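*Asks:*
There are 2 protein chains.
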Amino acid sequence: MVSSFTPLPADATSDGPAFSPLYQQIKTLITRSLRSGEWRPGELIPSEVELAARYKVSQGTVRKAIDAMADENLLVRRQGKGTFVATHSEQKIQFRFLRLKADDGETGNVTRRVIDCRRLRAPADVGRALGLKSGDTAIQLRRVMLFRDVPVVLDDIWLPGVLFKGLTAERVAEYRGPMYGLFESEFGVRMIRAEEQLRAVAADSIAAELLQVKPGTPLLSVERLSLTYDDQPVELRRGLYNTEAHYYRNELS
Amino acid sequence: MVSSFTPLPADATSDGPAFSPLYQQIKTLITRSLRSGEWRPGELIPSEVELAARYKVSQGTVRKAIDAMADENLLVRRQGKGTFVATHSEQKIQFRFLRLKADDGETGNVTRRVIDCRRLRAPADVGRALGLKSGDTAIQLRRVMLFRDVPVVLDDIWLPGVLFKGLTAERVAEYRGPMYGLFESEFGVRMIRAEEQLRAVAADSIAAELLQVKPGTPLLSVERLSLTYDDQPVELRRGLYNTEAHYYRNELS
DNA sequence: GAGTGGTCTAGACCACTGA
DNA sequence: CAGTGGTCTAGACCACTCG
């Protein structure tokens, strides 16, 4: 048993710890196992019955915890098979974070071209966003994404040097598939969610050349902060999207 | 009872109706009552126990239906009080659909200025988006939103004429609060969710003047299709956002 | 204190998967 | 067929709100 269902009996402190339901505690325990690597991306986790026995709670409580984690895209349920750890390296989940769509609906071939990859002392703003100490090294990775061989996205990706030790341009270039799949399988860093800030900006000469547009062309600027477990920031990505023939899709609810 | 829990006994047709769980059927029934106006925005709906009796199912099943509808922002649960129909006319829910934030975090005063409001035959693209027949009339409403007295958003709002009979510029101008609150209380049209397409564009002379920027300034173009119950489109909104000192915030998960 | 939603349990049965 | 998640029920008790 994780803790009593009523952690605040008679002698509770006045501003004591907030009441936390059992299923929330189970969620925390499962998350811990995910973070520690006990169950890795793509793997099957124990069945609800097993977990209920392990945590000494009812199956219904485990179910509620897993339900919540499935809603957050941490786990994936498959009826008849079991529950799996979510992964970015999967055809169906591909491009979960890329909201760009082509006007004609046809996605076509997507290719990635690495422009540059270097390690350097993190600039102040980058360091602040990633929670680095001043002087810590960061990796700057610049790349272009092409849709049907037309450059559409220019990304400047900043990563904490500590977490991505052996990352090189070659390593990235030879990897097929989404970058987050690489991060996950090679460096054990799993992106959970992200926050983006969008703006319209004018293309400078460098961006204009790489995206093959005229300087001054309006581009969609997308600054993304990616977070892993416990909302720890692990990537700052500055993207410039050419929206001549593509749009950024969003759903409000 | 809505229907038997197992709607496919021995004599089911080979490609018969897909299996639909009870709580899903309850959801449909509750949604019907919302759409019909039996429970209006802001009102208290019957308690879970009452609904369970009404639909002849267990409280747990009603609970699951309401849980789902609360997730979709159709209902709002308040412990100890009851379950309420969601509404746009509420301080806390204000600006649920407006993702624009100020760089410095300070929202400040928001005011709206109506530029124009006219009824006309719907242009082809607008009619198509709203599902109108050719020749149907549409309302075009143009307005500017000012943050701390600075114009930041220029909206072109298109509405089906049939649904918004008495809508005039004066009516809009004198209304304090979000437009969706007005739609909901005056015309019985409730916005549920919306889909947006974002692009970066250059300001034309008209937009430049209304937003007080130089022609050619990059602006964030936001085309929004708003939907009510059953995903029926009821508004097409074309916005131009000045992102000099504001950004469009989005969360990916 | 009565009434509401929130949590937890135990047990039944259904739907799906794969050996 | 056994094992998995998915649905449904009934009942207990807790936390919150308001009169």
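For the record, the sequence lines run as chains A and B.
First residue of the first sequence? That's 1 in my numbering, and the numbers climb one at a time after it.
First residue of the second sequence? That's 1001 in my numbering, and the numbers climb one at a time after it.
Cβ atoms here follow ideal geometry from the backbone N, Cα and C, with glycine treated the same way.
Keep in mind it's a predicted model, so treat the numbers as computed, not measured.
For A:S256 versus A:P233, is the C-beta spacing smaller than 9 Å?
*Replies:* The structure shown does not extend to residue 256 of chain A, since chain A is modelled only from 1 to 253, so the question has no answer here.
*Asks:* Just to make sure I have the definition right: I need the residues of chain A whose C-beta is within less than 9 Å of the C-beta of B:A1086. Which are they?
*Replies:* Chain A residues near B:A1086: none, gap ~11 Å exceeds 9 Å.
*Asks:* Find the residues of chain A that neighbour B:Y1229, judging by a C-beta separation of less than 7 Å, and give them in chain order.
*Replies:* Neighbours of B:Y1229 on chain A: none; closest Cβ ~13 Å, over 7 Å.
*Asks:* Along chain B, in chain order, which residues have C-beta atoms closer than 9 Å to that of A:R249?
*Replies:* Neighbours of A:R249 on chain B, chain order: E1195, E1196, Q1197, L1198.
*Asks:* If we cut at 9 Å on Cβ distances, does A:S205 have a partner in chain B?
*Replies:* Not one chain B Cβ lies under 9 Å of A:S205.
*Asks:* With H, G and I counted as helix, E and B as strand and the rest as coil, what does DSSP make of A:Y175?
*Replies:* Note: A:Y175 maps to coil in three-state DSSP.
*Asks:* Would you say B:L1252 reaches chain A, if we count a Cβ-Cβ gap shorter than 9 Å as a contact?
*Replies:* So yes, B:L1252 belongs to the interface.
*Asks:* Count the other CB atoms within 10 Å of the CB of B:Q1212; is the residue buried (16 or more) or exposed (fewer)?
*Replies:* With fewer than 16 other Cβ atoms within 10 Å, it is exposed.
*Asks:* Considering only DSSP beta bridges, list what B:T1083 is partnered with.
*Replies:* The partner list for B:T1083 (beta bridge, DSSP) reads B:R1077.
*Asks:* Could you tell me whether the Cβ of B:L1219 comes closer than 9 Å to any Cβ of chain A?
*Replies:* Judged by the 9 Å Cβ criterion, B:L1219 is in contact with chain A.
*Asks:* Evaluate B:L1044 with the Cβ neighbour count: other Cβ atoms within 10 Å of its Cβ, from every protein chain shown; 16 or more gives buried, anything less gives exposed.
*Replies:* Exposed, since its Cβ has fewer than 16 Cβ neighbours within 10 Å.
*Asks:* If contact means a Cβ-Cβ distance below 9 Å, which residues of the region 48-80 of chain A contact chain B?
*Replies:* So the close ones are D71, E72, N73.
*Asks:* By the DSSP assignment, the alpha helix (DSSP H) with B:S1033 in it spans what residues?
*Replies:* B:S1033 -> alpha helix (DSSP H) spans 1022-1036.
*Asks:* Taking the alpha-carbon positions, what's the A:V201 to A:T228 distance?
*Replies:* For A:V201 and A:T228, the distance between alpha carbons rounds to 29 Å.
*Asks:* Taking B:G1127 as part of the alpha helix (DSSP H), name the residues at either end of that continuous run.
*Replies:* That run of the alpha helix (DSSP H) goes 1124-1130.
*Asks:* Say whether chain B places a C-beta atom closer than 9 Å to the C-beta of A:Y241.
*Replies:* Yes, its Cβ sits closer than 9 Å to a Cβ of chain B.
*Asks:* Are there three or more Cβ pairs, one per stretch, closer than 8 Å when the region 71-91 of chain A is compared with the region 179-188 of chain A?
*Replies:* With the cut-off at 8 Å, the region 71-91 of chain A and the region 179-188 of chain A touch.
*Asks:* Show which residues of chain A have a CB atom less than 9 Å away from the CB atom of B:V1201.
*Replies:* Those are A200, P218, T243, listed as they occur along chain A.
*Asks:* With a Cβ-Cβ cutoff of 9 Å, do B:P1151 and B:R1190 count as a contact?
*Replies:* Taking 9 Å as the Cβ cut-off, B:P1151 and B:R1190 do not qualify as a contacting pair.
*Asks:* I'd like the list of long-range same chain contacts for B:L1074, defined as Cβ closer than 8 Å, with 5 residues on each side in sequence excluded.
*Replies:* T1031, L1034, V1085, A1086, I1192.
*Asks:* Please decide whether A:F19 counts as near chain B, where near means a Cβ-Cβ distance under 9 Å.
*Replies:* It does not; no Cβ of chain B falls within 9 Å.
*Asks:* What are the boundary residues of the alpha helix (DSSP H) that B:S1205 is part of?
*Replies:* Where B:S1205 is concerned, the enclosing alpha helix (DSSP H) stretches over 1205-1211.
*Asks:* What does the alpha-carbon distance come out to for the pair A:L132 and A:P160?
*Replies:* The straight-line gap from Cα to Cα measures roughly 7 Å.
*Asks:* Taking 9 Å as the threshold (C-beta atoms), are A:R249 and A:D254 in contact?
*Replies:* The first residue shown for chain A is 1 and the last is 253, placing residue 254 of chain A beyond what the model contains.
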